[in-house]
Amino acid sequence: MYLRVLCFSSCAYQINKNALSINFNIKCMEEIYNRIELGLRNHVIGKRIYHYKKLKSTQLLAISLAENNIKNEEGTVIIADQQDEGRGRGKKKWSSPIGGLWMSLIIKPRIEFTKFNMISVISAISVCESINRISQLKTSILWPNDVLFNNKKLAGILIDSSINNSINDYVVIGIGINIDIDISKINLSHASNSILSRKVTSIQNEIKGRAIDRFILMKQILEKIELYLSLLENDKYNSIIISIYKQLFDTLGKKIIVYQDGLRKYSATVRDIDTYGGLILERDDNSLEKIYTGQISIRENN
Ligand code: BTN
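Just add 3 to the spot in the sequence shown (first one is 1) and you have the numbering used here.
Structure representation (structure tokens):
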């Protein structure tokens, strides 16, 4: 078995008024543009890869597939060369010109509800480790799942899920990596590409000259997510996953600002990461707080 990449020129779909349920023209998915061998034998993640030249958002299409569970979509990956309406966390936009890796994958994790936050943890580890390996850059994770180089955002992860304890449960992991992108082309107004619309970079901007093959990077990320997911299904590996996360997370002991819904909430010092990836903070009034959602930025005066 080989990994198939199916490429489509475009796909029309519309969002229903009420929901994330999206009707799209499934016929346009029948035309195979390209097939490549990436050697992901016997893997679930990547068993089908739909490659588009342009989409509104790979995330929206993946959610639509997962909602409709068309052809048992567990493991399906959607990749687009560019997105017109890329989505970032906190309802922000994600600027997605040609040159990046913009992909979404559908998983159906067999884990308890309490562990769902760990999907974000393993996605961040997988993206960070894969970028480091391919580019030799030493990137790090900014909680919960941004990947930074020298405090500039290089990649972001968006998790959408529908969890009702049923066989239709799914998680869509959206991954955006600035690879061969002139950062002046990234539109930062209202975008989540940077840390709170400030600092952004791309792999090419940092390594200058050496080409990065986005399909090789994609393959590594998919392999790692599949591996970490299998570890996650076994309780005894949870602490190992958290210790790997902590090695890539260089914010322990640092002073940060916490934002919720894009608004500055309070400042605090990072004390630890809990068993399920929550951030343990000491607020400036010395009270302890644990958060699982939101966004942080590192204070200048560290
Ligand atoms: C963030 O805000 O940091 C998350 C950004 C996630 C962007 C990716 S690009 C592929 C996928 N499709 C989208 O529309 N968004 C995600």
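Each residue gets a CB set at the ideal place from its N, CA and C atoms; glycine is no exception.
Remember, predicted model here, so these are calculated numbers, not experimental data.
With at least 16 other beta carbons inside 10 angstroms of its own, S195 counts as buried.
Under the DSSP assignment, V130 falls in the alpha helix (DSSP H) whose first and last residues are 120–138. Taking a cut-off of 8 Å for Cβ pairs, the stretch 256–274 and the stretch 231–246 do not touch, as fewer than three such pairs fall below it.
If you ignore the 5 residues before and after L282, its C-beta comes within less than 6 Å of the C-beta of W146, I294, all in its own chain and listed in chain order. In this structure I82 touches M106 by the C-beta definition: roughly 4 Å separates them, less than 8 Å. Straight across, the Cα-Cα distance linking I206 with R136 is about 12 Å.
The Cβ neighbour count for K94, taken over all protein chains shown within 10 Å, is under 16; the residue is labelled exposed. In the same chain as A214, and ignoring 5 residues on each side of it, no C-beta atom comes closer than 6 Å to its own. In terms of side-chain proximity, the C-beta atom of Q62 is found nearer than 7 Å to a non-hydrogen atom of ligand 1. For the pair I301 and I259, the CB atoms are nearer than the 8 Å cut-off. Look at I260: its beta carbon is at least 7 Å from all of the heavy atoms in ligand 1.
Within the DSSP secondary-structure output, G159 pairs in a beta bridge with G179. For the pair F218 and I166, the CB atoms are not nearer than the 8 Å cut-off.
Here S133 is buried, its C-beta having at least 16 other C-beta atoms within 10 Å. Nearest neighbour of I52 by Cα position, chosen from N45, Q62, E285, T79, turns out to be T79. Assigned with DSSP and collapsed to three states, L255 falls in coil, not helix or strand. Closest in C-alpha terms to N208, from the list K74, D185, L230, G179, comes D185. Membership of F116 in any beta strand (DSSP E) is not indicated, and neither H nor E is assigned to it by DSSP. Less than 8 Å separates the beta-carbon of G280 from that of Y248. For P100, the CB contacts under 8 Å within the same chain, skipping 5 residues up- and downstream, are Q85, I184, K188, I189 in chain order. No heavy atom of ligand 1 is found nearer than 7 Å to the CB of G297. Taken through DSSP and simplified to helix, strand or coil, K56 comes out as strand. Nearest to D253 by C-alpha distance, out of K59, I144, S60, is I144.
At least one heavy atom of ligand 1 lies less than 7 Å from the C-beta of I160. Around the beta carbon of S233, fewer than 16 other beta carbons lie within 10 angstroms, which makes this residue exposed. The shortest C-alpha to C-alpha distance from S242 to any of I122, Q223, E226, T278 is the one to T278. Between the alpha carbons of Y55 and L64 lies a distance of about 11 Å.
S129 is positioned such that its CB atom lies closer than 8 Å to that of K227. CA-CA distance, L291 to K257, rounds to 15 Å. R90 is bridged by DSSP to K96.
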